[in-house]
Amino acid sequence: AMQVEDLQSKLRAATMRAKVAEEQHKNDTEALKWFEIKFDMLKREEDTLVLEHAKEVERVTREVETQRQECELLKQQATGSKTDLEKERMLLMDTTNRLKCVMAEVIGRNRVHEAAKQKELESLKDV
1 AMQVEDLQSK LRAATMRAKV AEEQHKNDTE ALKWFEIKFD MLKREEDTLV LEHAKEVERV
61 TREVETQRQE CELLKQQATG SKTDLEKERM LLMDTTNRLK CVMAEVIGRN RVHEAAKQKE
121 LESLKDV
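So the sequence shown is residues 1 to 127, counted in my numbering.
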């Protein structure tokens with residue numbers, strides 16, 4: 001009778017451990033599901049930002065090409081005077097500086113997004 005009670009006690013303990021493990025597995029599965037949802041949202045947000053940045057770079061590239069063509073036209077029309085050449089050089093420098101500013105802004109936005117995404121992923125690890 002003592003052996004039967006001992007075995008029943010061990011069986012109850014094993015059953016309780018199994019229930020705890022099953023509940024933990026359920027919780028882990030739920031946490032994983034929410035992590036995957038959040039990861040998908042971040043991925044879509046990243047894809048959107050990448051697309052926006054690509055469009056911005058394309059727009060700036062077109063603007064630079066238009067200004068380059070305008071500069072070429074000015075160059076063809078120039079009389080060769082030092083004043084006309086100086087204006088042309090300043091226009092090219094201005095265009096280059098504007099392109100550098102836009103590219104720096106795009107890179108900066110991308111870095112901010114990467115930092116936010118990394119922070120979000122880190123916070124999800126704590127779940």
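Where a beta carbon is used, it is the ideal one built from N, C-alpha and C, also for glycine. Quick caveat: nothing in here was measured; it's all calculated off a predicted structure.
DSSP three-state assignment for residue i, whether helix, strand or coil
i	result
D126	coil
A104	helix
A1	coil
Residue nearest to residue i in terms of C-alpha spacing, selected from the options
i	options	result
K87	E72, R98, L99, E22	E72
V106	M93, K55, T83	K55
R89	K100, C101, V50, K75	K75
E63	M16, A21, V102	V102
A104	V57, T83, L85	V57
Checklist entry - Just checking, does the region 63-77 make contact with the region 115-125 on the three C-beta pairs under 8 Å criterion? => result Flag = no, the region 63-77 and the region 115-125 do not touch.
Item to check | Runs of beta strand (DSSP E) wholly within the region 40-89 (minimum 3 residues, chain order) | outcome: Counting only runs of 3 or more, we get nothing.
Next on the checklist: Would the region 106-118 count as touching the region 44-53 if we require 3 or more Cβ pairs under 8 Å?
Outcome noted: Yes, since at least three Cβ pairs between the region 106-118 and the region 44-53 fall closer than 8 Å, the two stretches touch.
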